[in-house]
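From first to last, the protein sequence lines are chains A and B.
The first sequence: position 70 = 70 (my numbering), numbered continuously.
Take any residue in the second sequence, note its place counting from 1, add 1000, and you have its number in my numbering.
No residue lacks a Cβ here, since even glycine has one placed at the ideal position from N, Cα and C.
First up is the structure itself, then whatever we jot down about it.
Number of protein chains: 2
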Amino acid sequence: MTQALELAERAAQMGEVPVGAVVVQNNRLIAAAHNLRQTDGNPIAHAEILAIQSAARQTGDWRLTDTALYVTLEPCSMCAGAILLARIPRLIYATKDPKSGAVDTLFNLLSDQRLNHQAEIRSGVMWQESRELLQSFFRQRRENRVESCRSG
Amino acid sequence: MTQALELAERAAQMGEVPVGAVVVQNNRLIAAAHNLRQTDGNPIAHAEILAIQSAARQTGDWRLTDTALYVTLEPCSMCAGAILLARIPRLIYATKDPKSGAVDTLFNLLSDQRLNHQAEIRSGVMWQESRELLQSFFRQRRENRVESCRSG
């Protein structure tokens, strides 16, 4: 999670919402990514999606059945869906997402027995660090907007 | 939808689950894709995701606010989440997906008022053609498996 948080910080420095993700296989990090939506102009370039794609390239298999995904924010429905499709058995995330969290907050996509895959979930790991990073990013962005309105 | 079905047929010929998708803007087709999961070894390479990414590249904006997405099968939670993130206002799909449909069947992700975007949904357009294509693909795959077990 420390590495995922470092990636989230790097995202913030680029003006991206600070979310980082890593994929681990046999205690070895095989993929790492952060949010790149603005930079890439790509609506699906969330940290989890990029890390999962990278892990699949690394392993040469779309089934990531012996991996764990660490991410600094609770996944949205797109990313939770990608975790299911990649058959990732274990998700560890830092802080909950009250607006679009699809693992515990708004939906429970990873524990729905009607779907053909479920994942073990652990949350709250280094949640303060992740939340502080997100809050500070959005505070800064609001301040910049106010500043730009005043000088505009 | 005719074009999305042609793409789905092409997917089937490649051994991919036959699903096709197109993105339309001002009555003009700006992106088209079919499922490529096996070929690309990429768990997120669903037709909708590939078409959305391609449309964002075409328009140079991750917000596809004046587009419509046509797809031959009801989107799963990953693809429904991607439609929300790309702010696509209109989804037209052919046949429902009883196993993982996240628009009408298992979940109603595109009409959930707690999320910051909703989409207008139309379903059933050319559903027989799409269902027949999917059924024929899975029938063929089962027969091939039986054949391979017999000769194995």
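Tell me the start and end of each unbroken alpha helix (DSSP H) in the segment 1067 to 1121 of chain B that is at least 4 residues and wholly inside, in chain order. Note on the segment 1067 to 1121 of chain B: whole alpha helix (DSSP H) runs with a minimum of 4 residues are 1077 to 1085, in chain order.
Please report the distance separating the alpha-carbon of residue 26 (chain A) from that of residue 1068 (chain B). Rounded to the nearest angstrom, the two C-alpha atoms are 43 Å apart.
Is there a Cβ from chain A that is less than 9 Å from the Cβ of residue 1127 (chain B)? Cβ-Cβ to chain A under 9 Å: no for residue 1127 (chain B).
Over the uninterrupted alpha helix (DSSP H) stretch that includes residue 1037 (chain B), give me the two end residues. DSSP places residue 1037 (chain B) inside the alpha helix (DSSP H), whose first and last residues are 1037 to 1040.
Starting from residue 78 (chain A), find everything on chain B with Cβ-Cβ shorter than 7 Å and list it in chain order. Neighbours of residue 78 (chain A) on chain B, chain order: 1078, 1081, 1082 and 1085.
Round the Cβ separation of residue 158 (chain A) and residue 1085 (chain B) to the nearest angstrom and send it over; I've been treating them as touching at under 8 Å. Absent from the structure is residue 158 (chain A), since the part of chain A shown begins at 1 and ends at 152.
Hey, residue 22 (chain A) and residue 93 (chain A): beta-carbon distance below 9 Å or not? Not a contact, by the Cβ cut-off of 9 Å.
Any C-beta of chain B sitting closer than 9 Å to the C-beta of residue 46 (chain A)? Chain B contact via Cβ: present.
Which of the residues in the segment 21 to 42 of chain A, read from start to end, lie with their CB under 7 Å from any CB of chain B? Close to chain B, meaning a Cβ-Cβ distance shorter than 7 Å, are the following residues of the segment 21 to 42 of chain A: 37, 41 and 42.
Give the interface partners of residue 61 (chain A) over in chain B, defined as CB-CB distance under 7 Å, in chain order. Ordered by position in chain B, the residues that pass the 7 Å Cβ test against residue 61 (chain A) are 1041.
Report yes if the CB atom of residue 1081 (chain B) is closer than 9 Å to the CB atom of residue 77 (chain A), and no otherwise. It is a contact, given that the beta carbons lie within the stated cut-off.
What would DSSP say about residue 63 (chain A), mapped onto helix, strand or coil? Coil.
Proximal chain B residues relative to residue 52 (chain A), where beta-carbon distance stays under 7 Å: By Cβ distance, chain B contributes 1043 and 1044.
Grab the span of the beta strand (DSSP E) containing residue 11 (chain A) for me, first residue to last. Taken as a continuous stretch (DSSP letters only), residue 11 (chain A) belongs to no beta strand (DSSP E), being part of the alpha helix (DSSP H) at 2 to 13.
Give me whichever residues DSSP pairs with residue 1029 (chain B) in a beta bridge. DSSP, once it has assigned bridges, lists B:1024 as partnering residue 1029 (chain B).
What residues are listed by DSSP as bridge partners for residue 123 (chain A)? Looking at the DSSP output, residue 123 (chain A) shares a beta bridge with A:93.
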